[in-house]
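>
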Amino acid sequence: MTETMLAVAGLTKSYGTVPALAGVDLAVPSGTLLAVLGPSGCGKTTLLRCVAGFERADSGAVAVAGRPVAADRVHVPPHRRRVAVVPQEGALFPHLSVADNVGYGLDRAARRSGRVEEVLALVGLAGYGPRMPHQLSGGQQQRVAVARALAPRPPLVLLDEPFSALDAQLRTELRADVRQALRADGATAVLVTHDQGEALSMADAVAVMDAGRIVQCAPPAEVYRDPATPWVARFVGDAVLLPATVDDAVALTPLGRLPLRGPVPGGATAGAAARSASASGAGGGRAVTVLIRPEQIRLAASGGPLATVVRQDFHGHDALTTLRLDDGTVLTARTLDEGVALAPGAQVAVTVRGEVRAYAG
Ligand SMILES: Nc1ncnc2c1ncn2[C@@H]1O[C@H](COP(=O)(O)OP(=O)(O)OP(=O)(O)O)[C@@H](O)[C@H]1O
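With the UniProt record's numbering, letter number 1 in the sequence shown gets 1, and the count goes up by one each step, no holes.
1. Can you tell me where the beta strand (DSSP E) holding residue 342 begins and where it ends?
2. Would you identify the three-state DSSP class for residue 202, choosing helix, strand or coil?
3. Anyone know if the C-beta pair for residue 187 and residue 157 falls short of 8 Å?
4. Relative to the alpha-carbon of residue 21, which residue among 60, 153 and 54 has its alpha-carbon at the smallest distance?
5. Taking 8 Å as the cut-off, decide whether the C-beta atoms of residue 250 and residue 263 are in contact.
6. Excluding the 5 residues preceding and the 5 following residue 355 in the sequence, name in chain order all residues of the same chain whose CB lies nearer than 7 Å to its CB.
7. Comparing alpha-carbon positions, which option in 312, 182 and 38 lies nearest residue 31?
8. By the 10 Å Cβ neighbour count, where 16 or more other Cβ atoms means buried, how is residue 17 classified, buried or exposed?
9. Residue 97 to residue 118, Cα distance in whole Å?
10. Between the Cα of residue 62 and the Cα atoms of 347, 23 and 172, which residue gives the shortest distance?
11. Quick one: what's got a C-beta closer than 7 Å to residue 69's C-beta in the same chain, skipping five residues either side?
12. Thinking C-alpha only, which one of 204, 201, 202 and 230 is nearest residue 215?
13. Quick check on residue 121: does DSSP put it in helix, strand or coil?
14. From what residue to what residue does the beta strand (DSSP E) around residue 93 run?
15. Under three-state DSSP, which class holds residue 279?
16. What span of residues does the alpha helix (DSSP H) with residue 235 cover, start to end?
17. Can at least three beta-carbon pairs, one atom from the region 287 to 298 and one from the region 237 to 247, be found at a separation below 8 Å?
18. Just to confirm the assignment, what range does the beta strand (DSSP E) spanning residue 184 have?
19. What does a CB cutoff of less than 7 Å around residue 345 pick up in its chain, not counting 5 residues either side in sequence?
20. Taking the beta strand (DSSP E) that residue 332 falls in, what are its first and last residues?
21. Does the region 167 to 175 come within contact of the region 91 to 107, defined as at least 3 CB pairs closer than 8 Å?
22. If I measure Cβ to Cβ from residue 85 and keep anything under 6 Å in the same chain, skipping five residues before and after, which residues do I get?
23. Can you list, in chain order, the residues of its chain whose CB lies under 7 Å from that of residue 335, leaving out five sequence neighbours each side?
24. Can we count residue 40 as close to ligand 1, meaning its CB is less than 7 Å from some heavy atom?
25. In whole angstroms, give me the CA-to-CA distance for residue 134 and residue 94.
The following block contains the structure:
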């Protein structure tokens with residue numbers, strides 16, 4: 001059975017009257033990376049600081065590798081938690097070489113064992129030991145910070161927006177390399193970020209946080225495909241949310257009848273609802289909100305409800321095309337080369353590929 005390396009139960013923390021954590025539960029299995037993703041001010045940093053021991057929670061419990069480090073009348077100080085933290089930037093001692101920075105938390109035997117060189121190689125900096133921090137780029141400095149965190153093989157590594165100070169290209173490169181280094185070392189890690197792309201691309205599981213609570217915790221593909229709420233859908237990627245009614249596990253939408261995936265608001269899963277509805281001959285007709293991802297929307301010369309192109313935002317790898325249906329509904333399609341003209345004012349037919357998710361109300 002996989003060991004739970006970090007267990008957080010019922011954690012609450014307020015600053016005066018401001019609740020930062022409103023009852024957080026989390027379990028991070030050994031050897032996995034969990035991303036805590038949420039908007040500014042939702043409590044991510046507070047959660048990380050409570051786990052690290054820099055902050056005392058008001059109630060709840062934290063256990064690392066099965067050992068309680070925070071609970072009622074328990075507060076293990078940060079340096080005794082064996083939790084390593086990689087901060088946003090500026091983490092290195094400027095007067096120490098790269099090797100001495102990485103070896104800082106190691107005893108002499110560990111330093112002699114070649115661990116410093118091993119973790120530097122893991123983060124792609126083999127041979128950089130003698131350099132001083134000021135001789136490194138920002139990205140290389142963050143790599144050293146990750147190497148230093150990994151060096152003593154802590155049960156848990158916490159990464160606090162570690163790439164936020166880097167430019168886009170470097171960030172993408174570093175995400176992949178740091179993910180690889182953590183995996184190769186078998187580390188268990190929690191990454192705090194407000195960047196959806198970062199969470200989805202790096203993590204084994206994503207905990208989406210809003211107003212001091214975890215709203216959903218699931219593998220990245222599940223959070224994207226089956227967001228727990230319309231809010232999560234909008235926060236984790238681009239979302240088209242349309243009013244609809246549900247009938248026989250099919251949603252009746254301004255874009256026509258669309259097959260439903262997952263739970264149907266008001267009860268059963270889509271498949272079960274379809275079977276019971278067809279057995280009884282009954283139809284639902286409940287009002288719902290339907291989620292469609294922009295990449296599900298196809299534009300063609302004919303074959304579906306007509307829409308007018310409002311504008312196109314070019315993103316290089318694709319474009320987001322905003323459209324308006326005759327009834328005024330506005331939607332966004334992710335387009336590449338649709339084979340139809342998409343200049344503002346053009347009329348195109350809209351179809352939807354695959355199943356959609358419905359939410360009550
Ligand atoms: N030391 C503090 N004193 C008072 N209020 C605080 C303090 N630290 C955080 N807060 C408040 O607690 C809430 C959660 O803050 P926190 O920093 O944990 O959010 P966050 O999700 O990490 O935000 P960001 O992404 O902007 O860093 C916010 O409303 C914030 O203003």
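Even glycine gets a Cβ: it sits at the ideal position worked out from N, Cα and C.
Taking the structure as given:
1. Boundaries for residue 342: no beta strand (DSSP E) harbours it, and the DSSP string shows neither H nor E there.
2. Three-state result, residue 202: helix.
3. Contact: yes.
4. It is 60 whose Cα lies nearest to the Cα of residue 21.
5. Contact annotation: residue 250 and residue 263 have beta-carbon atoms that are not nearer than 8 Å.
6. Cβ within range, chain order: 259, 260 and 261.
7. With distances taken between Cα atoms, residue 31 lies closest to 182.
8. With fewer than 16 Cβ atoms within 10 Å of its Cβ, residue 17 is classed as exposed.
9. The alpha-carbon atoms of residue 97 and residue 118 are separated by roughly 16 Å.
10. It is 23 whose Cα lies nearest to the Cα of residue 62.
11. Cβ-Cβ distances below 7 Å link residue 69 to 53, 62, 63, 76 and 81 in the same chain, with the five nearest sequence neighbours on each side left out; the list follows chain order.
12. Relative to the Cα of residue 215, the nearest Cα in the group 204, 201, 202 and 230 belongs to 230.
13. Three-state DSSP puts residue 121 in a helix.
14. Counting along the chain, no beta strand (DSSP E) covers residue 93, and no H or E run does either.
15. Low local confidence applies: a pLDDT of 40 at residue 279 is under 50, so the model's placement there is unreliable, and no value is given.
16. That run of the alpha helix (DSSP H) goes 230 to 235.
17. With the rule of 3 Cβ pairs closer than 8 Å, the region 287 to 298 counts as touching the region 237 to 247.
18. Careful: residue 184 lies outside any beta strand (DSSP E), inside the alpha helix (DSSP H) at 168 to 184.
19. Only 308 and 309 meet the Cβ criterion.
20. Its beta strand (DSSP E) spans residues 330 to 335.
21. They do not touch, by the three-pair rule.
22. Contacts found: 52 and 158.
23. Contacts found: 299, 318, 319, 321 and 342.
24. Residue side-chain check: residue 40 places its Cβ nearer than 7 Å to a non-hydrogen atom of ligand 1.
25. Those two C-alpha atoms are separated by around 7 Å.
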